[in-house]
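Trainee: Okay, so the sequence shown: first residue is 2 according to the working numbering, each after it adds one.
We put the beta carbon where it would ideally sit given N, CA and C, even for glycine.
Just so we're clear, the structure is a prediction, and the values are computed from it rather than from any experiment.
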Amino acid sequence: GDAFLFHSFSPNLEKDEAALHTGCPVLKGVKWTGTIWIHTVPFRPGSFARPDPNAPPPPDPGHCVDLRDECAKWAERGECEKNVQYMAGNQDGAGHCRASCSACEVCKDVDRACYNRNREAAGYLVLDEREASPGYRSPVV
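(1) Along the chain, which unbroken stretches of the alpha helix (DSSP H) at least 4 residues long are found entirely within the segment 80–132?
(2) Go through its chain and collect everything with a Cβ distance to E121's Cβ below 6 Å, but skip five positions before and after it.
(3) Who are the near neighbours of S101 in its chain, counting only those whose CB is closer than 6 Å to its CB and skipping five residues on each side?
(4) Taking the continuous alpha helix (DSSP H) assigned at A73, which residues delimit it?
(5) Does E80 pass the burial test, meaning 16 or more other C-beta atoms within 10 Å, or should it be called exposed?
(6) Please list, in chain order, all residues of the same chain as Y87 whose beta carbon is under 7 Å from its beta carbon, the five residues on each side excluded.
(7) Between the segment 101–119 and the segment 44–53, can you find at least three pairs of beta-carbon atoms closer than 8 Å?
(8) Excluding sequence positions up to five away, which residues of its chain have a Cβ less than 7 Å from the Cβ of V27?
(9) Taking buried to mean at least 16 other C-beta atoms within 10 Å of its own C-beta, is R45 buried or exposed?
(10) Ignore the nearest five residues each way along the sequence and tell me which others in R131's own chain have a CB closer than 7 Å to its CB.
(11) Please determine, among R99, N119, P58 and P62, the residue with the shortest C-alpha to C-alpha distance to D70.
(12) Suppose you measure from the CA of V111 to the CA of G63; what does that come to, to the nearest Å?
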């Protein structure tokens with residue numbers, strides 16, 4: 002088949018107005034696309050920075066805790082409803098005041114199902130301890 006490569010920037014990184022298109026019409030047959038982005042400048046350069054070795058580890062989303070001392074006070078003032086993303090979180094990430102907002106379950110140490118429900122509610126993968134065992138093979142789906 003045939004392939005096209007569209008450049009959206011000229012070699013000096015100025016936007017190429019002639020490359021602004023929504024797609025070529027299909028006159029006959031089927032049009033397939035395989036989009037590949039080639040970045041001319043670093044993409045998300047902050048993600049390449051080395052983490053601070055003295056920084057505390059990120060909180061475990063399986064544990065139902067508040068990350069700020071002020072959480073209970075903020076929850077009483079209705080912040081759980083006013084600022085849901087920060088306070089309680091959603092599928093995009095855990096909030097800072099999940100316990101005070103009742104956005105998670107307080108689990109017993111041995112209750113892995115509860116722990117995994119908290120992780121899943123915060124948008125994280127469910128952990129399966131078997132995957133960490135040497136020789137474990139995931140079932141083929």
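Mentor: Taking the structure as given:
(1) 80–83, 85–88 and 113–122
(2) V127
(3) D67, C72, A73 and A76
(4) C72 to E77
(5) buried
(6) G96 and H97
(7) no
(8) none
(9) exposed
(10) Y137
(11) R99
(12) 12 Å
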